[in-house]
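Working notes for the structure below.
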Amino acid sequence: APARRPASASPAGSDRDPVQARAAGATGGWLVPLSVVTIGSFMALLDTSIVNVAISRIQGEFGGSTTDVEWISTGYTLTLGVVVPTTSWLSDRLGLQRVYVASLVGFTLGSALCGVASSLNTLIAFRVFQAVGGGLLPVLAQSMIYRIVPREQIGSAMGIYGLGIIVAPAVGPTLGGWLVEDVNWRLIFSINVPIGVVVTILSLTILPRFARGPARRFDLPGFLFIAIGLACLLIATSEGETWHWTSYSVLLLVAGGLLSLAVFVVIELAVREPLLDLRLFGGWVFSLSAVLSGLLNVGLFAGAFYTPLFLQQGQGLGAFAAGITLLPAAMVTTVMIPMSGRVYDRVGARWPAALGILLVAGGTYMMHVVTPQMSRTPIILANCIRNAGIGLALIPIITGSTAGLSAARAGQASAILNVVQRMASALGLAALTALLTGHQAQQYLERASMLPAVAPGFPQLNDVAAHGQSAILGLYASVQNQAFGGSLDDVFLLSAGLSAVGVLLALLLPSGSPRNRAAAAAARAPGTAAAGTATTPQIAV
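Numbered by the numbering used here, the letters in the sequence shown go through residues -9 to 531 in order.
So this is what it looks like as structure tokens:
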């Protein structure tokens, strides 16, 4: 159980309820609070993928161009990138539990508003409001986990928590497809409301009230520059295909985004109280973990996006049927994640990360030969292998990145990792989509150029011409479908290559039981624990 001080020793500014603290200490468990924060994170991350299958239905009801409708997702992602860096400051200022409950309330209210939106513009506005709470929830949850769970059990705890952060994007297409096809698209938002109300009540009654962190000034210049930088890059990657990647608008956004982020780095390294503690990147384990976490998130969200897209556009399946095809892979993830946490507690991050990323590379490589005519069995098998690898690797990587950090710095690390993950998934998906579109156009032109003119020597084409417009449209659709499948093969091949690089990087992670490494470090430096890096998290009473 987390270490506690007597109530009389409660520090000034603590918002911890002594009666509640004694009740929590009597149970001596962290599983129930962990379950509460996992459900909250699951809801927030589910909304990053569940809405994708409803885009066409929303466009049919509200109208607007495809670019306009895509802002339902783009606006949500932009807001996440802006609010996540503020998590640590808000937690120190108001208290973790209070900010978590406020985020739950905001996310639930935003979900309710999205469910009753009367136009496309109001839906986009409500999605932005919903994302404020949704962006904070996963970071706050990880910060609380590092305060309520003993460090020697953190891998098992993160394995349970991982059910929310990884399974949510995996089951989103299945659940969303069923709601869109058989019920109503508005339920993809409204379904959060009763769950959010219950989780809010549980959070108020079960979660401990943590001591506030030291009061520090809000880093306004740092916030403005990271918000501008991330917004510019996300808008550029979201609109690059529409505005053309070499247009002045896109190039200016990219240049402005990179320059703003460079200024942000300078500010954070210069101020005494930074918004994000970038000095954490001075540790090679954290830096390496951030890179690997970003690579895995690109693979996770690319698989969740392109596989349903192929099943629907390439093979003509409905949204729900495509989701059912992906369900076995989601179940594999559900089994692997808790196991990966226990494996980390025993052997550390190196071997589960390397083996998991190797499985991701292998499963993705198997997908590079997809064709519109192939059966769904090899697709299911390849996705099960990919998801097994993601489930095995991601939790050890995330958990290992904060090993040896104090609870306060672990919260900062969680915020930075979340920013890296969100940006990696958004920018990586945009880059792969640009590759997909470019190769699709090229392969379509190549296939079209191979079609000879109608002549007596080509009876198949004479037959197409004889059947008129419908036959010609069928031939056009067939050629376009083949070009789509071929370009998707290239995307999966590139993703497999990136994953293979990740295997080599994972071999540089530390190995061995975290408990044994901590004991060895304490033996080498006996004064470390007394200096404030104790492995047992502290909760003020």
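Built from N, CA and C at the ideal position, the CB exists for glycine as well.
All values derive from a computational prediction rather than experimental measurement.
**Report entry** Proximity winner among Asn182, Met33 and Thr112, relative to isoleucine 48 (alpha-carbon distances)
**Finding:** Your numbering for residue 48 matches position 58 in the sequence shown. Residue Thr112 is the option with its Cα nearest to isoleucine 48.
Query - Given isoleucine 347 as reference, the closest of Ala319, Gly502, Arg376 and Val359 once Cα atoms are compared - result: Here the question's residue 347 lines up with position 357 in the sequence shown. In terms of CA proximity to isoleucine 347, Arg376 leads the group Ala319, Gly502, Arg376 and Val359.
Report task. For the alpha helix (DSSP H) holding aspartate 82, just list the boundary residues, first then last. Result -> By 1-based counting over the sequence shown, the position of residue 82 is 92. 77 to 84 is the extent of the alpha helix (DSSP H) around aspartate 82.
Report task. Mind checking which residues open and close the alpha helix (DSSP H) that includes isoleucine 347? Result -> Within the sequence shown, residue 347 is the residue found at index 357, counting from 1. Boundaries of the alpha helix (DSSP H) around isoleucine 347: 340 to 356.
Query raised in the report: Going by alpha carbons, who is nearest to alanine 280 out of Cys374, Leu223 and Ala405?
Result: Within the sequence shown, the letter at position 290 stands for residue 280. Among Cys374, Leu223 and Ala405, the Cα nearest to that of alanine 280 belongs to Ala405.
Query raised in the report: From tyrosine 151 to alanine 400, what does the alpha carbon distance come to, in whole angstroms?
Result: As a working mapping, residue 151 is identified with position 161 in the sequence shown. As a working mapping, residue 400 is identified with position 410 in the sequence shown. If I take the Cα positions, the gap works out to 16 Å.
Query raised in the report: In terms of residues, what are the limits of the alpha helix (DSSP H) holding isoleucine 181?
Result: Here residue 181 corresponds to residue number 191 of the sequence shown, with the count starting at 1. No alpha helix (DSSP H) contains isoleucine 181, which DSSP labels as neither H nor E.
Query raised in the report: Would you report the Cα separation of alanine 378 and arginine 206, rounded to the nearest angstrom?
Result: In the sequence shown, the residue the question calls residue 378 occupies position 388. In the sequence shown, the residue the question calls residue 206 occupies position 216. Alanine 378 and arginine 206: Cα-Cα distance of roughly 42 Å.
**Report entry** Inter-residue Cα distance where the pair is serine 228 and leucine 301
**Finding:** Position 238 of the sequence shown, counted from the start, is the residue given in the question as residue 228. Position 311 of the sequence shown, counted from the start, is the residue given in the question as residue 301. Distance between the alpha carbons of serine 228 and leucine 301: 23 Å.
**Report entry** When Met326, Leu282 and Asn373 are compared against glutamine 411, the one with the closest alpha-carbon
**Finding:** In the sequence shown, residue 411 corresponds to position 421, counting from 1. Relative to the Cα of glutamine 411, the nearest Cα in the group Met326, Leu282 and Asn373 belongs to Leu282.
Requested in this report: Have a look at the DSSP bridge pairing and note the partners of serine 501.
Outcome: As a working note, residue 501 is residue 511 in the sequence shown. BP columns for serine 501 point to Gly338.
Requested in this report: Answer with buried or exposed for threonine 67, where buried requires no fewer than 16 other C-beta atoms within 10 angstroms of its C-beta.
Outcome: Locating residue 67 in the sequence shown gives position 77, where the first residue counts as 1. Threonine 67 sits buried, since 16 or more C-beta atoms from the chains shown fall within 10 Å of its C-beta.
Query raised in the report: Going by C-alpha distance, which of Ile45, Leu130, Glu142 and Ala473 is nearest glycine 390?
Result: Taking the sequence shown and counting its residues from 1, one reaches residue 390 at position 400. Relative to glycine 390, the option among Ile45, Leu130, Glu142 and Ala473 whose CA is nearest is Glu142.
Report task. Flag glycine 428 as yes if its beta-carbon sits less than 7 Å from any beta-carbon of chain C, otherwise no. Result -> Within the model displayed, chain C is absent; a lone protein chain is all it includes.
Query raised in the report: With burial defined as no fewer than 16 other Cβ atoms inside 10 Å of the residue's Cβ, what is the status of leucine 42: buried or exposed?
Result: Working through the sequence shown from its first residue, we reach residue 42 at position 52. With the sequence shown as reference, residue 42 is identified as asparagine, and leucine is not the correct amino acid for it. Buried is the call here.
Query raised in the report: When DSSP labels each residue in this structure, what does proline 128 get in the three-state scheme?
Result: Taking the first residue of the sequence shown as position 1, residue 128 is located at position 138. Three-state result, proline 128: helix.
Query raised in the report: Of all the options Thr28, Gly331, Ala131 and Ala158, which has the alpha carbon lying nearest to the alpha carbon of asparagine 287?
Result: Reading the sequence shown from its first residue, position 297 is the one you call residue 287. Ranking the options by Cα distance to asparagine 287, first place goes to Ala158.
Query - Cβ pair count under 8 Å reaching 3, the segment 187 to 206 against the segment 51 to 66 - result: Judged by Cβ distances under 8 Å, the segment 187 to 206 makes no contact with the segment 51 to 66, as fewer than three pairs qualify.
Query raised in the report: Who are the Cβ neighbours of aspartate 267 in its own chain at under 6 Å, not counting the five residues just before and after it?
Result: Here residue 267 refers to the residue found at position 277 when the sequence shown is read from its first residue. Same-chain partners within the cutoff: Gln402.
Requested in this report: Can you grab the Cα-Cα spacing for the pair valine 359 / serine 477, in whole Å?
Outcome: In the sequence shown, counting from the first residue as 1, residue 359 sits at position 369. In the sequence shown, counting from the first residue as 1, residue 477 sits at position 487. Valine 359 and serine 477: Cα-Cα distance of roughly 10 Å.
Query raised in the report: Hey, leucine 426 and valine 350: beta-carbon distance below 7 Å or not?
Result: Numbered from 1 along the sequence shown, position 436 holds the residue referred to as residue 426. Numbered from 1 along the sequence shown, position 360 holds the residue referred to as residue 350. No; because the gap between Cβ atoms is not below 7 Å, this pair is not in contact.
Requested in this report: Leaving out five residues on either side along the sequence, give the residues of the same chain with a beta carbon under 8 Å from the beta carbon of proline 163.
Outcome: On the sequence shown, position 173 is the one that residue 163 refers to. Closer than 8 Å at the Cβ level, and outside the excluded window around proline 163, lie Ser39, Ile40, Asn42, Val43, Ala294, Pro298, Ala309, Ala312, Gly313 and Leu316.
Query raised in the report: Taking the C-alpha atoms as reference points, what is the distance between glycine 475 and alanine 372?
Result: Sequence index remark: in the sequence shown, residue 475 carries index 485 (1-based). Sequence index remark: in the sequence shown, residue 372 carries index 382 (1-based). If you take the alpha carbons of glycine 475 and alanine 372, they lie about 16 Å apart.
Requested in this report: Taking only the alpha-carbon atoms, compute the straight-line gap between leucine 126 and glycine 186 and give it to the nearest angstrom.
Outcome: Walking along the sequence shown from the start, residue 126 turns up at place 136. Walking along the sequence shown from the start, residue 186 turns up at place 196. Rounded to whole angstroms, leucine 126 to glycine 186 spans 14 Å at the Cα level.
Requested in this report: Would you please state the rounded distance, in angstroms, between the beta carbons of isoleucine 225 and phenylalanine 254? I believe it to be under 8 Å.
Outcome: If you number the sequence shown from 1, residue 225 lands on position 235. If you number the sequence shown from 1, residue 254 lands on position 264. Not quite, the Cβ-Cβ distance comes to about 17 Å (not below 8 Å), so this is no contact.
Report task. Look at the alpha carbon of threonine 28 and the alpha carbon of isoleucine 155, and state the distance between them as a whole number of angstroms. Result -> Taking the sequence shown and counting its residues from 1, one reaches residue 28 at position 38. Taking the sequence shown and counting its residues from 1, one reaches residue 155 at position 165. If you take the alpha carbons of threonine 28 and isoleucine 155, they lie about 8 Å apart.
**Report entry** Whole-angstrom distance between glycine 124 and glycine 487, CA atom to CA atom
**Finding:** Locating residue 487 in the sequence shown gives position 497, counting from the first residue. Locating residue 124 in the sequence shown gives position 134, counting from the first residue. Distance from the CA atom of glycine 487 to the CA atom of glycine 124, rounded to whole angstroms, is 32 Å.
Query - Beta-carbon proximity of tyrosine 334 to glycine 145, cut-off 7 Å - result: Stepping through the sequence shown from its first residue, residue 334 is reached at position 344. Stepping through the sequence shown from its first residue, residue 145 is reached at position 155. Result yes, Cβ atoms of tyrosine 334 and glycine 145 sit closer than 7 Å.
Query raised in the report: Which residues in the same chain have their Cβ closer than 6 Å to the Cβ of alanine 414, if we skip the five residues on either side of it in sequence?
Result: In the sequence shown, residue 414 corresponds to position 424, counting from 1. Around alanine 414, the same chain offers Gly284, Asn287 and Val288 as residues with beta carbons nearer than 6 Å, after the five sequence neighbours per side are excluded.
Query raised in the report: Looking only at its own chain, which residues have a Cβ that is under 6 Å from the Cβ of leucine 220, when we skip the five neighbours before and after it?
Result: By 1-based counting over the sequence shown, the position of residue 220 is 230. Exclusion of the five residues before and after leucine 220 leaves Gly71 as the residues of its chain whose Cβ lies within less than 6 Å of its Cβ.
Query - Own chain residues within Cβ distance below 7 Å of serine 78, not counting five before or after - result: If you number the sequence shown from 1, residue 78 lands on position 88. In chain order, Gly401, Gln402 and Ala405 place their CB closer than 7 Å to the CB of serine 78, counting only its own chain and leaving out the 5 sequence neighbours on each side.
Report task. Could you give the DSSP three-state label for glutamate 60: helix, strand or coil? Result -> Taking the sequence shown and counting its residues from 1, the one referred to as residue 60 is at position 70. The three-state reading of DSSP puts glutamate 60 in helix, counting H, G and I together.
**Report entry** Reference leucine 103; option with closest CA among Gln120, Arg88 and Val91
**Finding:** Numbered from 1 along the sequence shown, position 113 holds the residue referred to as residue 103. Closest by alpha carbon: Gln120.
Query raised in the report: Can you tell which of Ala496, Leu24 and Asp479 has the C-alpha that lies nearest to the C-alpha of glycine 304?
Result: Walking along the sequence shown from the start, residue 304 turns up at place 314. When each option's Cα is compared against that of glycine 304, the closest is Asp479.
Query - Nearest to arginine 117 (by Cα), restricted to the options Glu263, Met326 and Phe97 - result: In the sequence shown, counting from the first residue as 1, residue 117 sits at position 127. Of the candidates Glu263, Met326 and Phe97, the one whose C-alpha sits nearest the C-alpha of arginine 117 is Phe97.
Query raised in the report: Does the Cβ-Cβ distance between leucine 192 and cysteine 222 come in under 7 Å?
Result: Here residue 192 refers to the residue found at position 202 when the sequence shown is read from its first residue. Here residue 222 refers to the residue found at position 232 when the sequence shown is read from its first residue. No, Cβ-Cβ distance for leucine 192 and cysteine 222 is not below 7 Å.
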